[in-house]
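First comes the structure, then the notes that go with it.
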Amino acid sequence: AMIREYWTKLDTRQRYLMIACAAVVIFTLLLKFAVFPLWDSRAKMKKSITSNSKKLDELVKIDAELAVQNAKMSRIKNTLGSRRSNFTLFSYLEKKANLANVRGSITHMNSMQGGKSTSVEETLTDLKLEKITIKQLADFIYQIESPDELIRIKRLTVEKMKESPDYVSAQFIIASYAPVPQGSGGQ
Numbered sequence: 001a002m003i004r005e006y007w008t009k010l011d012t013r014q015r016y017l018m019i020a021c022a023a024v025v026i027f028t029l030l031l032k033f034a035v036f037p038l039w040d041s042r043a044k045m046k047k048s049i050t051s052n053s054k055k056l057d058e059l060v061k062i063d064a065e066l067a068v069q070n071a072k073m074s075r076i077k078n079t080l081g082s083r084r085s086n087f088t089l090f091s092y093l094e095k096k097a098n099l100a101n102v103r104g105s106i107t108h109m110n111s112m113q114g115g116k117s118t119s120v121e122e123t124l125t126d127l128k129l130e131k132i133t134i135k136q137l138a139d140f141i142y143q144i145e146s147p148d149e150l151i152r153i154k155r156l157t158v159e160k161m162k163e164s165p166d167y168v169s170a171q172f173i174i175a176s177y178a179p180v181p182q183g184s185g186g187q
């Protein structure tokens, strides 16, 4: 009632001015509490979508890498499963050394600790051959390296022998894989 009385006392120009002021206030409130928050939330949503898209791309890459690793692990397990149960890298290397005619040139062959997962462990052997020819070395390398058997040369150092220049000595680190015995976990 009081507002109605005040309204009737105003002339037309003052009424238009009041309506304009009310419209500006309503428009300002609408901007402040409706439009600007929508713009802010839209910008935040765009940032969130961009960020989540990047994370999704990373996850897809990681998933692809995991699939490759799982395939490798499956191949390793299949190969290990088809090996003789009494397979040892030592006996394998001795057999191959006989085939390459270098068995008598082995000066030492020692087992070393390799990496370990929950289901597979790397077995390493440090092997040294003295006074062998390059052909004997090549034959031995040909004999021992076997991707199908998961046996590879991890490191090879060859030195010419000072006292006999026609001969070399070779130091190998040879790696293979073996299943982890049940009950012992990985590192």
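Quick note on numbering: our numbering labels position 138 of the sequence shown as 138, and the sequence is numbered without any gaps. For every residue, glycine included, the Cβ atom is placed at its ideal position computed from N, Cα and C.
- A direct Cα-Cα distance of roughly 60 Å separates L150 from W39.
- With fewer than 16 neighbouring CB atoms inside 10 Å of its own CB, L10 falls in the exposed class.
- Note on Y142: under 16 other CB atoms within 10 angstroms of its CB, so exposed under the neighbour-count rule.
- Between A170 and D139, the gap from beta carbon to beta carbon reaches 8 Å or more.
- In this chain, T133 is not harboured by any alpha helix (DSSP H), its DSSP state being neither H nor E.
- Cβ atoms of K116 and V68 stay farther apart than 8 Å, at about 21 Å.
- Comparing alpha carbon positions, the residue from E122, L156, S164 closest to K131 is S164.
- When secondary structure is reduced to three states using DSSP, K96 falls in the helix class.
- Counting of Cβ neighbours within 10 angstroms places I62 among the exposed residues, the total staying below 16.
- A Cβ-Cβ separation of about 37 Å leaves Y167 out of contact with L80 under the 8 Å criterion.
- V102 carries a coil assignment under DSSP once its states are collapsed to helix, strand and coil.
- Here the alpha carbons of D57 and V25 stand approximately 47 Å from one another.
- The count of Cβ pairs closer than 8 Å, one atom from the region 69-79 and one from the region 91-107, stays below three, leaving the stretches out of contact.
- With a 10 Å radius around the Cβ and a threshold of 16 neighbouring Cβ atoms, I19 comes out exposed.
- Q113 sits exposed, since fewer than 16 C-beta atoms from the chains shown fall within 10 Å of its C-beta.
- When secondary structure is reduced to three states using DSSP, S85 falls in the coil class, being assigned neither helix nor strand.
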